[in-house]
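Colleague: Counting along the sequence shown from 1, when you hit position 55 you're at 58 in the working numbering, and nothing is skipped either side. By construction, the Cβ of each residue, glycine as well, lies at the ideal position given by its N, Cα and C atoms.
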Amino acid sequence: MIHGYRTLQGKDAFDGEIENDAAVGSPTLDLDQLVEEDDAAVAVGHGEMTLKQAARVPFVFAEIFTFAGDKIRRIETFHINVGDTGDTLFAEPPQHGAA
């Protein structure tokens, strides 16, 4: 399942969104945090993709993986396009009036 500007369900829909003709190459992904507990893992990070019609598009994501044994049973992805790169997205805001 992918949540963002729309919600997709199912392996075929997931694969179609990840690998599609609108993208140029593969996205870059930077993992900021990984939390594991019992049969679940949560990955939080940021990245960038290049789209033919929109050029560079930075995004943030959180993915929840649920496992059954050593296989992934479910992936739930929250993907949000942002107007800044991950390098500056979490930086301190500029001080107004500072010299």
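(1) Tell me, to the nearest whole angstrom, how far the beta carbon of residue 50 is from that of residue 64; I am working on the premise that it is less than 8 Å.
(2) Which residues in the same chain as residue 76 place their Cβ atom closer than 7 Å to its Cβ, once the five residues preceding and following it in sequence are excluded?
(3) So, with DSSP's three-state summary, where would you put residue 18?
(4) Under three-state DSSP, which class holds residue 12?
(5) Per DSSP, which residues does residue 43 bridge with? Please list them.
(6) Sorted by chain position, which residues of the same chain lie with C-beta nearer than 7 Å to residue 14's C-beta, five sequence neighbours on each side aside?
(7) For residue 86, which of helix, strand or coil comes out of DSSP?
(8) Less than 6 Å between C-beta atoms, sequence neighbours within five positions excluded: which residues of the same chain meet that for residue 36?
Modeller: This is what the structure holds:
(1) Right, the Cβ-Cβ distance comes to about 7 Å (below 8 Å), so this counts as a contact.
(2) Only 69 and 70 meet the Cβ criterion.
(3) Residue 18: helix per DSSP, three-state reduction.
(4) Here residue 12 sits in coil by DSSP.
(5) Beta-bridge partners assigned by DSSP to residue 43: 40 and 69.
(6) Excluding residues within five positions, none has a Cβ falling inside 7 Å.
(7) Three-state result, residue 86: coil.
(8) Here residue 36 has 47 as same chain residues with Cβ atoms under 6 Å from its own Cβ, once five neighbours each way along the sequence are excluded.
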